[in-house]
Every structure is written in C-alpha cells, then in structure tokens.
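Residue numbers (numbering that gives the first Met the number 0), protein chains in the order written: chain A, 0 to 499; chain B, 0 to 499. Just so it is clear, CB atoms sit at the ideal spot from N, CA and C, and this is done for glycine as well. Below: the structure, in structure tokens.
There are 2 protein chains.
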Amino acid sequence: MKSKKSTDMHFKVKDMDIATGGIMIVILNKKDANKLDLKSGDRILVKNSQTEVTCIMDISESNKAVPEGRIGLFEEVLDKLKIKEGHIVQINFTGKPESIKHIRDKLYGKHLSYKELLHITDDITNDRLTDIEKTYFVAASFTQGLSNEEIVGLTRAMVQTGKKIKFPGLTLDKHCIGGVPGNRTTMVVIPIIAAAGFTIPKTSSRAITSPAGTADTMECLAKVEMSERKIKSVVKKTGACMVHGGSMNLAPADDKIIEVEHPLSIDAEGQLLASVMAKKSSVNANHILIDIPMGKSTKARTPKEAKHLKKMFEMIGKRLGMNVKVIVTDGSHPIGKGIGPLLEAEDVMAVLRNDPLAPQELRKKAITLAGILLEMTGKYRKGKGAEAAKEILESGKALKKMQQIIKEQGKQNKPSLGEFSYPVRSGKTGKIKEVDNEIIAKLARLAGAPSDKGSGLYLCKNVGDSVKKGEILFTIYAENNFKSELAKKFSKFNKGYLIG
Amino acid sequence: MKSKKSTDMHFKVKDMDIATGGIMIVILNKKDANKLDLKSGDRILVKNSQTEVTCIMDISESNKAVPEGRIGLFEEVLDKLKIKEGHIVQINFTGKPESIKHIRDKLYGKHLSYKELLHITDDITNDRLTDIEKTYFVAASFTQGLSNEEIVGLTRAMVQTGKKIKFPGLTLDKHCIGGVPGNRTTMVVIPIIAAAGFTIPKTSSRAITSPAGTADTMECLAKVEMSERKIKSVVKKTGACMVHGGSMNLAPADDKIIEVEHPLSIDAEGQLLASVMAKKSSVNANHILIDIPMGKSTKARTPKEAKHLKKMFEMIGKRLGMNVKVIVTDGSHPIGKGIGPLLEAEDVMAVLRNDPLAPQELRKKAITLAGILLEMTGKYRKGKGAEAAKEILESGKALKKMQQIIKEQGKQNKPSLGEFSYPVRSGKTGKIKEVDNEIIAKLARLAGAPSDKGSGLYLCKNVGDSVKKGEILFTIYAENNFKSELAKKFSKFNKGYLIG
Chain A
0 MKSKKSTDMH FKVKDMDIAT GGIMIVILNK KDANKLDLKS GDRILVKNSQ
50 TEVTCIMDIS ESNKAVPEGR IGLFEEVLDK LKIKEGHIVQ INFTGKPESI
100 KHIRDKLYGK HLSYKELLHI TDDITNDRLT DIEKTYFVAA SFTQGLSNEE
150 IVGLTRAMVQ TGKKIKFPGL TLDKHCIGGV PGNRTTMVVI PIIAAAGFTI
200 PKTSSRAITS PAGTADTMEC LAKVEMSERK IKSVVKKTGA CMVHGGSMNL
250 APADDKIIEV EHPLSIDAEG QLLASVMAKK SSVNANHILI DIPMGKSTKA
300 RTPKEAKHLK KMFEMIGKRL GMNVKVIVTD GSHPIGKGIG PLLEAEDVMA
350 VLRNDPLAPQ ELRKKAITLA GILLEMTGKY RKGKGAEAAK EILESGKALK
400 KMQQIIKEQG KQNKPSLGEF SYPVRSGKTG KIKEVDNEII AKLARLAGAP
450 SDKGSGLYLC KNVGDSVKKG EILFTIYAEN NFKSELAKKF SKFNKGYLIG
Chain B
0 MKSKKSTDMH FKVKDMDIAT GGIMIVILNK KDANKLDLKS GDRILVKNSQ
50 TEVTCIMDIS ESNKAVPEGR IGLFEEVLDK LKIKEGHIVQ INFTGKPESI
100 KHIRDKLYGK HLSYKELLHI TDDITNDRLT DIEKTYFVAA SFTQGLSNEE
150 IVGLTRAMVQ TGKKIKFPGL TLDKHCIGGV PGNRTTMVVI PIIAAAGFTI
200 PKTSSRAITS PAGTADTMEC LAKVEMSERK IKSVVKKTGA CMVHGGSMNL
250 APADDKIIEV EHPLSIDAEG QLLASVMAKK SSVNANHILI DIPMGKSTKA
300 RTPKEAKHLK KMFEMIGKRL GMNVKVIVTD GSHPIGKGIG PLLEAEDVMA
350 VLRNDPLAPQ ELRKKAITLA GILLEMTGKY RKGKGAEAAK EILESGKALK
400 KMQQIIKEQG KQNKPSLGEF SYPVRSGKTG KIKEVDNEII AKLARLAGAP
450 SDKGSGLYLC KNVGDSVKKG EILFTIYAEN NFKSELAKKF SKFNKGYLIG
C-alpha cells in the first residue's frame, strides 16, 4: 500500500453466491484488508463504470473464500452493480455519511429541516446508512416525536428520493392502515371504481406483521411484480391495477425504514403517516380515501387516537395538495372468513361473484368505501355513492373488471389450500362476544401465512354468532406438518374467541 | 420436510472462511431454507452437543457456496461452537427473545425492573439480540432516560451476566471517563500505587472513538491479552496489572452495548455509568477513584454536568457497597505531548523515568490522582497522599514496578514510529489560547491511530505556550502514505489551535 495510490485499488469480482435479504456485503482477503487498514464491518464504496454502491466489508481469513486481489460480492451487490464473476471493480474509502449528524441531532431532540430530512432519506435510499444508523433514526423519531412540519418534510423527502409515476387525469386511491385480519376490501373496491370509469392504480405492500397483504393476496390470482411500462399499459387498458409497490421504487426510503421498524413492531406515527402519503404522492393521486380501523389491536385504539390520525392525514393531504378523506371503521374483530393469502382471495372473489355465501361484512364495507370514493370524484351526489357502488357490484361489472385486470397483469395458477387441516372447536355454548385480531393473525402466521400462500384460517364463526359446545370455530390450514403442529399447539391455549 | 420431524434437522458444516467482526452468520442452501420456510435474515439456533448459538441465516442461491444438506458457518460461529469443517450440527427454530418486549416497553417510556434488565442483558450477552434490537434498547434508554433505580439495576445485571474475579484483600481501581487526548495517567498511577504495596488490577478498554485507549498504549510495551489465571499470577507477583478487559468477559453485555453506541457516538449517561461501575464491581474493587475531565469535548461540558455525573457515580458506588471518590479535572485541552499508542507510551515512560523533558502536566495529574488513591486506603493521612506518590515516582520505584509489570505480562517489542511525518506550522505569532481535543483526536485517527500503533501526533506546543509564525505546532506521524495524506489535507483547514 505504501507506494500505491488510491486509484490502484482494483479488484476482480468473485460471485459469493450468498444473499442476505438486503444488506450489501463484500469480502476482502485478510491481506488486502490489512494493507488498506480496513476492519470487518467497515464501510467501503464499490464502483464500476456506471454505478457505485456503499457496502459493508467482511474478511476472508485465508485464501479459501476470497484470495488476494479479489473481492467477494454477495448477490445484492452483484445485482445492484449489474456485474458478474470475473469483472473488475474499483473500491474506495467512504467516511460516515453526513446525515448521521442529523440523526444524532434528532436523538438529542432537535427539530430537523426538510433539507436535513432529505439528506437522511437520500442516504437511506442509496444504502449509505447501516441498519444500526437507520434504527437510531426510527427510534429517535419515535421517542422524540416528529412535528407536523417534519412529517410533511419527511413525506416530501421520501417522494423526492424515489420514482414518480403520473397517470393522465383524475387519479383515485385508497389505503387502509391495517391491523384487522381478513380486511381485504381493496380487491373489491378497485374493480368497482374502475368499472365506474375512473383511474385507480393501486400499489400495495406485502404483509410485514400480518398474515397477508393485498399484494400477497392478489398474487394468488395474478402477477403483481411488473415493470413501470407494464403497469402503465394495464392501467391504460383497465383503468386500474393491483400490484406490489415494493419493486416500483416509489418512495423506496419508506420500505427501508419499515425493515428496521419490523423487528420491534414499532408504530412510529410520523413515519406511518409519511409512509402512506409518500406512496400516494408518488403515483400523483388526487383523491385518496383512507380507512382507519379502530380497535384494541390496531394503530388507532381509541376514538381519540383515531380522530388524531384522521386530522394528521388530512393535514398532510392539504399541505401536499391532495384531496384526502378519512373514514374510521370498526376494527374490533376480523372481517371476512378467510385469513391468509389464498383464503382471502377466495373471499374477495366470492363477494365479486355475488355469492350468497360470501362474507357479508366484507361486502358491505367495500360498498361503503367505494361509495365514498365515487362521491369524492364529484361525479356522484352526496349519499348516492354507495348505491351506485352496489349496483356496479350486483350487475357483475366489478367481477368482469376484476377478470380483466387479472388477465392484463397476467393470470396466475391459484395455489392449493394447505393439505394439513385442523378444526378448532368451541369449549362452550354461547354467543361470541369478541374475536381477537392478534391471536387470529398469530395463528395464521404460525400456520405459514403469508409465505405459504395456501396456509391460514377459515373462520366459521365471528362476533355476534351463536355457537354450541364442540362446534367448529375455525379451521387451521397449513402446507406442512411442522407448521400445522405449531399452530395447533398454540390454539390449545389461545383460541382468541370470547364466548359469553 | 413434510414427513421430517424437527429432530431431523442435522447439517454438515462448511467453513465459510469469512469473519464479520462479531455477527453470527450461517448460510443455508436455498432449497433447504425453502423446505424449512426460512428467509434471509431469520434467526436460527445452531447447536452441537456442548453448546448452542443464535445465528442470523443468509441464503446460498445455488449449490456453489453451500450445497443442500450443508450449513456454511462464518468464523465467529465456528469459534463459538469450537467445531470444524465436516462436523455435524443441529439447527432449530428460535422465536424472538422475550426481552424484546421489555425493549419495546422502554421505547414507550416504561420503567424497567431489575428482572427485565437482567433479561435484556442476558440476551445481549448470549448474542440473542440483533444489532437493530440492541440499538433500540440504547436509543430508548438514551431518549427516555434511565432512572437511578434502572441504572443500578443495569449495573447489577451486567455484573451478574459476566465473569467475576476476586483478588484477596483491599482492591483499588481508577477510571477516567475520557474525552481528552494524551491523558494517559493510568499507566503512571498504577505503578505508583502498586509500588506503595497496594493491589490495583487494572482492566482497560481499547480506543473506540479516541486515538488510543490504555490497552492500546500498554500494548506497545507489554502483552495485554491473557487468561484469567495469568492475570491473577501477574497481580500476585506485582500487585498490579494493566490488561485489556475485553477478553476477560467482565460484564460482556457492556462491550456489546458499546458496539452499537459507537456508530453514532451516543453518550447515553445511564449506560456510561453502568458500564464503568459494572467493570469495577466485576473485579470486586473496594476503593475506586474516578476522573471526570471537564471541557467542551468531554462527557462533562459544564460544572453542572460534572457535578451531576459525580453524584451519580457516588450514588451507584454506595448502592453497590464500593468506596467511590470522584475528581473533576481540567479537560479543556490535550494532556501530554504524544497522541496515539506509541507516542503516549513514550510520554508515560518519560514520566516514570523522571525525564526532565517528560510532559509535566501528565506527571502532575498522575501524582494528584495517585495521592488521592493512597489517601482513600486510610493508610495515608489526608493531604499527605500526593507527597507520598511524588516520592515513590522520584525514587524510581514506580519505574521499577512498571518494568516488573511489563516483564510479568510479557514484554513486547516496541512498534516503530510512523515513517511518514509531516510538520504542521503556526500561521501566526502569539500565545496559544486553546487546543481543540476533537480536532487533535481526529487528526491522530486520520493518521492511523489507534490501529496503526506508531501513528499519531507529537504536540510541540500546548495551551499557554508562545509560538512564532512558522514554528511547528505539532508533527503528524503515519505508517502509510495514504493516511499521512489524509491527515495532512485535513490539517490544512483544521489545526485545532487558537492563537491570540
């Protein structure tokens, strides 16, 4: 090293064939690392002619994993740089990003400016911050709180550092802040709105802590991962889409923040608000309906909390020039019968088919939401939206629209229902007073949802129903015995049903 | 998997030959991971007959890195399980540790009980928490604050989850909370105290954000990493030791917490207090002198902050039954001439040799501290300690004791001074009013300290000195050209000297 200049630091790529699920890792041989005085965990910049990426470096102790003069790249780095085994990359030292100073300031309670938030968001987007540093940002924002000004700033910064897609004319959108298993209204609302002739390009997330996200559920019926061009073509042809937002690079900082929120299931309000609104702003939505389910396991536990969230969403909407309407709904118990991707998709299709056995609460809620959206467009008179939505659903136009969307996105073969099933029965006779969202979600996840698409629960009874001792409350479906046993064991002590 | 039971999950070990610097990583083939429904980043338990370790799993995309039926282990995991390539390990699922609930509670501002803190500390000690989870604990403790009760509880929990070493009779100790470059008093105080016939087994840390820790500096003269048995033998023969605490497993949770504090240089007061006191309690010290340097770059910026820290240390000492004395010293500028491991070791030896060119401020401060410690034993009259310490130093007994300690720990060949040197000169004539600790530390680190032991700064001028334009303020020493250039460039704009 003594005689070498930094421009000499070229290394031949070795494909390590290891994926971390997101962290950018490279390996240097111990001798090279020593020459450059790099330690395990140090941050280096890896570049080819087109692009560069900040990576964390680990060390190969001998010549076995990575010999001298070579650099081992994990899959994420290879993908990002679009290079292969044998290519040449250059490495460079990189100090800590400046945005760490702003994160530190936030930990000390300082108010961050838009510029500072943009700086942090840009570094997150470009993987310049480690998990530890991102966690400090989330924890500081959570415990110190974000002011309205900061929340709007963070939203803008997230939009600014991501892709933006504009659709022509009026663009509608809906969002639910979650917490209620089976609450798959989106997949009913979207076809109704599109069938009414409006544009509603819906990007959804996959489940993080729940048994199914809209993207996981839709994926049982159609492809949800596609290029921007393809999405535009689907929307042009059908007026709608239901795709996974993650791959579209809309406000990508948001997804990277959520990754570090997940381990502790932190509900950082400011980040939740910015997250939702940034995604909507990135697709240039003009009219947005937000569903806030209220209940003890949701993000709005009390009317006061719900009212506060409503006010905040409206405030950000106003500041960003979007027409935002917020509806507070009953989030006290699961909606629908199926819990888990496939089982929820079946519920949705039953509602769209006007099947008399379809879950009526899901149907009613979807009609209400679609009605409000229709009224927001100004094309329907106040109080007439729900009626129009119902008509579209009952006429079969919504089902036809759904089939069209599925066809345009690319039909998928439905996964099969988990072959290991287990019925959970009531221990007593009475009326069902409560069904616990968290226990139902936990059981469905133990059974394998959302990654095992055919796993989950089918609820035979819900709040208000009467039940006899020995009657089936719900059935657990799992794709393998191990997970079936896990859920079964858990259900012995936790059914989640309060019967009075 | 469907027909297999969990007891069937045996894998043959592949040595991946990669070190992460602390994170426990294992790799499974994609097919095995799919069978077990494991995703990148999932936590699994890896076991052999003797021991088990919680690991983070990454995925091998093909058969190249890790074929089916095998498990790739990173160096840290191999070391911890004491196994090699070809051995068989068992894996098991592990849910999230329960202590995450307590961390979450702390984020929401809850007071944690000793039992809850012990739970967290135990999971940290046994690597059951990820960096993200640990970071939430640090951030929550920092922003929400720890009560006195919690700080004492955390201290006790750290001691409880680590090794304890007991030395016979009266055991003295000293500690400085840092922030002042060159402030290497420990290496003068310890030989004085031991020469006076007392037991003072000193465990020190390596530098984290500073250009040298006591362990880094001592390592220029003697071995600092050794077994507990060896340490006991050194202390028995000499009355003292100066070793690296890190390898001794005293309050190991503390070191693991510091790792995640480092990236943002967080000074979480509660954790600082618990950290210091847990190390002292682990070696069963009875009389402890704590040096709190006060200055704008230290942990006590104002007299109020210093007073508060002093009170806190005394409170914990009382609660844990230790005699703690706290002295607030001048931390406004660097002490000594050398900054960096070798250069600081030279200063220490010059003081011990009574060399007239030795830094007088370092000498005086060490005598003061040693004097207080002597008085704390009750064997010296109040006001007579410093005099006795000075006598021991001037008699050459302290030097002799130091040589004895070096010999017993194992003499090291001194590293050589960095061969790339660069003098930084004054731009004006005048009197030096301030020398900035942070800039001096930053320059020494840029030059390579502490990992390059012969790198750092030699200060020719300090606060109060007169200087002529063009005179050398300090010389930068580096072991390689790259780092020499880095420090040189930085010094063009930041000398850290205020000349009036």
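So, under 8 Å CB-CB, residue i and residue j are touching, yes? Tell me the CB distance rounded to an integer number of Å.
| i | j | result |
| --- | --- | --- |
| B/PRO340 | B/CYS219 | 5 Å |
| A/PRO200 | A/CYS240 | 5 Å |
| A/ILE230 | A/PHE141 | Contact doesn't hold; Cβ gap of about 33 Å is too wide. |
| A/VAL158 | A/SER331 | So it is not a contact: roughly 34 Å between Cβ atoms. |
| A/GLY370 | A/ALA397 | A/GLY370 to A/ALA397, Cβ: 13 Å. No contact. |
| A/ARG507 | A/LYS11 | One cannot answer for residue 507 of chain A here, as it falls past the ends of chain A, which runs 0 to 499. |
| A/GLY246 | A/GLU224 | One point to set straight first is that residue 246 of chain A is Ser, not Gly, in the sequence displayed. With 8 Å as the limit, A/SER246 and A/GLU224 qualify as a contact, their Cβ atoms being about 5 Å apart. |
| A/HIS261 | A/ILE207 | 6 Å |
Residues of chain A with a CB under 8 Å from the CB of residue i: which are they?
| i | result |
| --- | --- |
| B/GLU74 | GLU60 |
| B/VAL259 | ILE131 |
Please list, in chain order, the chain B residues whose beta carbon lies closer than 8 Å to that of residue i.
| i | result |
| --- | --- |
| A/ASP36 | GLY447, SER450, ASP451, ASN479, LYS482 |
| A/PHE141 | LEU106 |
| A/SER39 | ALA18, THR19, GLY20, GLY21 |
Which bits of chain B does residue i rub up against, with CB to CB less than 7 Å?
| i | result |
| --- | --- |
| A/SER135 | The sequence shown places Tyr at residue 135 of chain A, not Ser. Result: THR134, ALA138, LEU263. |
| A/LEU341 | Those within 7 Å of A/LEU341 in chain B number zero; the least Cβ separation is about 16 Å. |
| A/MET15 | ALA64 |
| A/THR297 | Ordered by position in chain B, no residue passes the 7 Å Cβ test against A/THR297, which lies about 17 Å from the chain. |
| A/ILE119 | What A/ILE119 touches in chain B: nothing, since even the nearest Cβ is about 13 Å away. |
| A/ILE99 | LEU263 |
Among all the DSSP beta bridges, which residues are the ones paired with residue i?
| i | result |
| --- | --- |
| B/GLN89 | B/HIS9, B/LYS46 |
| A/SER226 | Paired residues: none, contrary to the question. |
| B/PHE419 | B/ALA477 |
| B/LEU72 | B/ASP14, B/VAL25 |
| B/LEU288 | B/LYS173, B/LYS324 |
| A/HIS243 | A/SER203 |
| B/VAL52 | B/VAL45 |
| A/ASP57 | A/ILE26 |
Residues of chain B with a CB under 9 Å from the CB of residue i: which are they?
| i | result |
| --- | --- |
| A/LEU351 | Residues of chain B passing the Cβ test: none, with the nearest at roughly 31 Å. |
| A/ILE102 | LEU263 |
Using a C-beta to C-beta distance shorter than 9 Å, which residues of chain A count as neighbours of residue i?
| i | result |
| --- | --- |
| B/THR474 | The contacting residues do not exist; B/THR474 stays about 19 Å from chain A at best. |
| B/ASP57 | ILE17, ALA18, THR19, GLY20, ILE22, ILE24, PHE73 |
Original post:
Considering only residues of the segment 166–220 of chain A, which uninterrupted beta strand (DSSP E) runs meet the minimum length of 3 residues and lie entirely inside it, listed in chain order?
Top reply: 171–175, 199–203
Original post:
Is the number of C-beta pairs between the segment 56–67 of chain B and the segment 114–134 of chain B that are closer than 8 Å three or more?
Top reply: no
Original post:
Any contact of the segment 15–23 of chain A with the segment 473–489 of chain A, i.e. 3+ C-beta pairs under 8 Å?
Top reply: no
**OP:** Run through the segment 385–440 of chain B for me and flag every whole alpha helix (DSSP H) of 4 or more residues, listed as ranges in chain order.
**Re:** Entirely contained in the segment 385–440 of chain B, the alpha helix (DSSP H) runs reaching 4 residues are, in chain order, 396–408.
**OP:** Count the CB pairs spanning the segment 321–341 of chain B and the segment 404–412 of chain B that are closer than 8 Å, and state whether there are at least three.
**Re:** no
**OP:** State whether the segment 232–246 of chain B contacts the segment 189–197 of chain B, with contact taken as three or more CB pairs (one from each stretch) at a distance under 8 Å.
**Re:** yes
Original post:
Contact between the segment 456–472 of chain B and the segment 417–435 of chain B: three or more CB pairs below 8 Å?
Top reply: yes
**OP:** Run through the segment 79–166 of chain A for me and flag every whole alpha helix (DSSP H) of 4 or more residues, listed as ranges in chain order.
**Re:** 98–106, 113–124, 130–143, 147–159
Original post:
Would you say the segment 164–175 of chain A touches the segment 121–139 of chain A, given that touching needs at least three Cβ pairs under 8 Å?
Top reply: Taking a cut-off of 8 Å for Cβ pairs, the segment 164–175 of chain A and the segment 121–139 of chain A do not touch, as fewer than three such pairs fall below it.
Subject >> Three-pair Cβ contact test at 8 Å for the segment 358–373 of chain B versus the segment 143–159 of chain B >> reply: no
Original post:
Are the segment 309–324 of chain B and the segment 348–360 of chain B touching, with three or more C-beta to C-beta distances below 8 Å?
Top reply: The answer is no - the segment 348–360 of chain B does not touch the segment 309–324 of chain B, with fewer than three Cβ pairs under 8 Å.
Original post:
Which runs of the beta strand (DSSP E) spanning at least 3 residues fall entirely within the segment 455–499 of chain B, listed in chain order?
Top reply: 455–458, 471–477, 496–498
Subject >> Runs of alpha helix (DSSP H) lying entirely within the segment 327–393 of chain B, each at least 4 residues, in chain order >> reply: 340–351, 359–375, 384–393
**OP:** Could you name each continuous alpha helix (DSSP H) segment of 4 residues or more that falls completely within the segment 246–320 of chain B, going from the start of the chain to the end?
**Re:** For the segment 246–320 of chain B, whole alpha helix (DSSP H) runs of length 4 or above, ordered along the chain, are 251–260, 268–281, 302–318.
Original post:
Given 8 Å as the limit, is there contact between the segment 435–452 of chain A and the segment 377–384 of chain A, that is, 3 or more CB pairs closer than that?
Top reply: no
**OP:** Tell me, please, whether the segment 95–113 of chain B touches the segment 23–39 of chain B by the rule of three or more beta-carbon pairs shorter than 8 Å.
**Re:** no
Original post:
With contact counted as at least three CB pairs below 8 Å, one residue from each stretch, are the segment 492–499 of chain A and the segment 371–378 of chain A in contact?
Top reply: no
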